[in-house]
Amino acid sequence: MSAEAIRPFDEARGAVPTVAAVGSGRRSWLFGGIAQTLLILWTLMVVFPFLWMIVSAFKSNPEIVFSPWQLPDTLQWGNFERAWTEAGIGRFAVNTLIVLAGSLTGTLVISAMAAYVLARFEFPGRQFIFYLFLAGTMFPVFLALVPLVFLVQDLRLFNTYQGLMLVYIAYSLPFTIFFLTGFMKTLPNEVGEAAVMDGAGPYRVFFDVMLPMAKPGIIAMGIFNFLGQWNQFLLPLVLMPNPDRHLLSQGLAALAIQQGYQNDYGALFAAMTITMVPTLVVYIIFQRRLEAGLTAGALKG
Amino acid sequence: MHYQKYRLIVPFLLPALALYGVFVLYPYAQAMYLSLTGWRGLSANKPWVGLDNYQRLIEDERFREALTRNAQLLVVLPILTIAIALTFAALFTQGGQAIKGAGFYRIVFFFPQVISAVIVGMLWSYVYNPNIGLLNGVLDGVGLDALQQSWLSDRSLVLWAIVAVAIWSSVGFYMVIYLAAMQSIPTSFYEAATLDGASRWTSFRDITFPLIWETIRTTAVYLGIFALDFFVLVQVMAGGSTTTIARRAEVAALYLYNEAFDDNRWGYASAIGVALLVLTLLLSIVFLRLAKRETYEY
Chain C
735 MSAEAIRPFD
745 EARGAVPTVA
755 AVGSGRRSWL
765 FGGIAQTLLI
775 LWTLMVVFPF
785 LWMIVSAFKS
795 NPEIVFSPWQ
805 LPDTLQWGNF
815 ERAWTEAGIG
825 RFAVNTLIVL
835 AGSLTGTLVI
845 SAMAAYVLAR
855 FEFPGRQFIF
865 YLFLAGTMFP
875 VFLALVPLVF
885 LVQDLRLFNT
895 YQGLMLVYIA
905 YSLPFTIFFL
915 TGFMKTLPNE
925 VGEAAVMDGA
935 GPYRVFFDVM
945 LPMAKPGIIA
955 MGIFNFLGQW
965 NQFLLPLVLM
975 PNPDRHLLSQ
985 GLAALAIQQG
995 YQNDYGALFA
1005 AMTITMVPTL
1015 VVYIIFQRRL
1025 EAGLTAGALK
1035 G
Chain F
26 MHYQKYRLIV
36 PFLLPALALY
46 GVFVLYPYAQ
56 AMYLSLTGWR
66 GLSANKPWVG
76 LDNYQRLIED
86 ERFREALTRN
96 AQLLVVLPIL
106 TIAIALTFAA
116 LFTQGGQAIK
126 GAGFYRIVFF
136 FPQVISAVIV
146 GMLWSYVYNP
156 NIGLLNGVLD
166 GVGLDALQQS
176 WLSDRSLVLW
186 AIVAVAIWSS
196 VGFYMVIYLA
206 AMQSIPTSFY
216 EAATLDGASR
226 WTSFRDITFP
236 LIWETIRTTA
246 VYLGIFALDF
256 FVLVQVMAGG
266 STTTIARRAE
276 VAALYLYNEA
286 FDDNRWGYAS
296 AIGVALLVLT
306 LLLSIVFLRL
316 AKRETYEY
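So the sequences go chain by chain: C and F. This note's numbering puts the first sequence at residues 735 to 1035. This note's numbering puts the second sequence at residues 26 to 323.
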């Protein structure tokens, strides 16, 4: 698997097969028209619900119920205030950031170390360990949920940040190691060998040579895991039942069910907007790197 | 030298192996064991019941109904998602040069994939809402008010309303995968076909489709697993209440969740989990075998 071969679609490279000569000019024009219509329709289907949600987050409750198609008379920033404080989105956001700070760092460091060894060293059992991790990408989390809850309780990690960090790391390892191993295999060997010649120890080679070279791959996995862990729902749902420790997705779902918020649509839409915006921003900034990472597994799977 | 090599290998692999072993492999193994007990979670006592849970599973009407829903998803979800995603991918890559706005469409179509399934589920619950929802509003606006429904509280519609959301959120992701696969097809193939007078459709059928078949097959397995393990959207959109209507959307994974976390039947829930795991593995194998056809090296 090479990172080069799976670089995402790149207009600048003109990578699209050219079939300009197909059919007559009029048929091409007709095809283009139909294509554009379909694509615009789907764009509307995707964008409209999100826009509606964001606009509704600025409306008063009567406006949401009685004039769903109008823009708000005045921007109701109070919705965001209620969502952030009363509904607890602020607290959930802090909890999410705490857990992610630990789990993302842990995921990347531990995966990079394991991937380096799996990509660059020959030793008995190397293949077996690689496939053992690969197997973990196949099974969905909820099959292990029941025993996981009791294991985490037995380890006295239930309702703790550390517990959730460790579990997040463990479930992020398979794909991250799989991806980084492939990535590191494509990197040139010579620089490391030269460093060894100069008397650098294996640790120095890893930190001073390998990590800087593997940075693009590590960043791709950082974004990929940020989105996955930020959106994680099942694990906190069963491992963090304490409402003070809720994470964002989990807290949102709980809010939607709570009586008090069922009629405060404005605050709910605001809460959803607050939770959604960071992932959209990260996605738009890092779009290309992320797509490379996401599609890599599927293409070579 | 050897000594030095292992001084790196062992400490570098150990943290990953330890975490993976404790929090991933061990729980899966433990689930197999628990499925053979009648554990209710209240005491440390885990009475051994052998295969009783599995016996019950076979006779369990509710499980069979749940599994039937998964089977329906297994057909509908992959076929529709692949068909729509492939169509869009083909529109992108076969319309002469890159179609106008390709970069923009690509980013937008992918949006639902980066947003939490919980938000997607909640958002669509409101879109479907008969009072404040967008969908009935749109239908009214275009004169199709006869089609207005209370989507999520209609017994026969609820599951399909949720499946539509799953397709809506997956299409962009699979489109990007197909685009990446199509990109690796040499342009000379299309040029040759064009010289032979092949139409856009024949080039797609005879060049693109066979050459990305491997990728389509892989994505079909992914979507099949998604259909078998379908959970979060149903949990968010219909799982909150245990009304008879919500029951109409209960898929196997949700049944597992309800048995375990609402009714404390941990042993039985584990048996459902193991059954699903076995079905998932079988599905992958069968699918990869069935869909085997000549692959082309180029």
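Backbone N, C-alpha and C define an ideal beta-carbon position, used for all residues, glycine too.
It is roughly 17 Å from the alpha-carbon of residue 990 (chain C) to the alpha-carbon of residue 155 (chain F).
Within chain F, no C-beta atom comes less than 7 Å from the C-beta of residue 806 (chain C); the nearest is roughly 14 Å away.
The criterion of a C-beta distance shorter than 8 Å is satisfied by residue 802 (chain C) and residue 162 (chain F). For residue 1018 (chain C), the uninterrupted alpha helix (DSSP H) segment begins and ends at 999-1019. Assignment of beta strand (DSSP E) within the stretch 205-292 of chain F, counting only whole runs of 3 or more residues, yields no such run. For residue 999 (chain C), the closest Cβ of chain F is nearer than 8 Å. Assigned with DSSP and collapsed to three states, residue 73 (chain F) falls in strand.
Look at residue 62 (chain F) here: in three-state DSSP terms it is strand. Neighbours of residue 895 (chain C) in chain F, taken as residues whose beta carbon is under 8 Å from its own, are absent, since the nearest beta carbon is some 15 Å off. When rounded, the separation of the alpha-carbon atoms in residue 72 (chain F) and residue 280 (chain F) is 22 Å. Less than 8 Å divides the Cβ of residue 878 (chain C) from the Cβ of residue 49 (chain F). In the three-state scheme derived from DSSP, where H, G and I count as helix and E and B as strand, residue 976 (chain C) is classed as coil. By the CB criterion at 8 Å, residue 41 (chain F) and residue 844 (chain C) fall inside the cutoff. Taking 7 Å as the Cβ-Cβ cut-off, the stretch 785-802 of chain C approaches chain F at 786, 787, 798, 799 and 802, given in chain order.
Interface annotation, residue 834 (chain C): not in contact with chain F, CB-CB separation never under 8 Å. In the structure shown, residue 856 (chain C) adopts coil according to DSSP, grouped into three states.
Within the stretch 922-983 of chain C, the runs of alpha helix (DSSP H) that reach at least 4 residues and sit entirely inside it are, in chain order, 924-931, 949-964 and 968-973.
The beta-carbon of residue 876 (chain C) is placed less than 8 Å from the nearest beta-carbon of chain F. Around the beta carbon of residue 949 (chain C), fewer than 16 other beta carbons lie within 10 angstroms, which makes this residue exposed. The stretch 305-314 of chain F makes contact with the stretch 243-258 of chain F: 3 or more CB pairs, one atom from each, lie closer than 8 Å. Counting of Cβ neighbours within 10 angstroms places residue 129 (chain F) among the exposed residues, the total staying below 16.
Straight-line spacing of the CA atoms in residue 891 (chain C) and residue 131 (chain F) works out to 42 Å. Judged by beta-carbon spacing, residue 876 (chain C) lies beyond the 8 Å limit of residue 288 (chain F), meaning their Cβ atoms are not closer than that value. Against chain F, the CB of residue 885 (chain C) has a partner CB under 8 Å away; the residue lies at that interface. Under the rule that a run must span 3 or more residues, no beta strand (DSSP E) segment is found entirely inside the stretch 810-848 of chain C. Distance from residue 75 (chain F) to residue 261 (chain F) at the Cβ level is roughly 36 Å; contact not present, criterion being Cβ atoms closer than 8 Å. In this structure, residue 274 (chain F) lies near residue 184 (chain F), with their beta-carbon atoms less than 8 Å apart. At a beta-carbon threshold of 9 Å, the residues of chain F lying near residue 965 (chain C) are 139, 140, 141, 142, 143 and 144, ordered along the chain.
Neighbourhood of residue 100 (chain F) in chain C, by CB distance below 9 Å: empty, with the nearest CB roughly 20 Å away. The criterion of a C-beta distance shorter than 8 Å is satisfied by residue 880 (chain C) and residue 56 (chain F).
Taken through DSSP and simplified to helix, strand or coil, residue 167 (chain F) comes out as coil. Around the CB of residue 997 (chain C), fewer than 16 other CB atoms lie within 10 Å, so the residue is classed as exposed.
At a C-beta separation below 9 Å, residue 995 (chain C) has no neighbours in chain F, since its nearest C-beta there lies roughly 11 Å away.
In this structure, the CA atom of residue 1016 (chain C) is about 20 Å from the CA atom of residue 199 (chain F). Within the same chain, Cβ atoms closer than 8 Å to the Cβ of residue 886 (chain C) are found at 892, 897, 901 and 973, the five residues on either side in sequence being excluded. Neighbours of residue 837 (chain C) across chain F, judged by C-beta separation under 7 Å, do not exist; the nearest C-beta is about 11 Å away.
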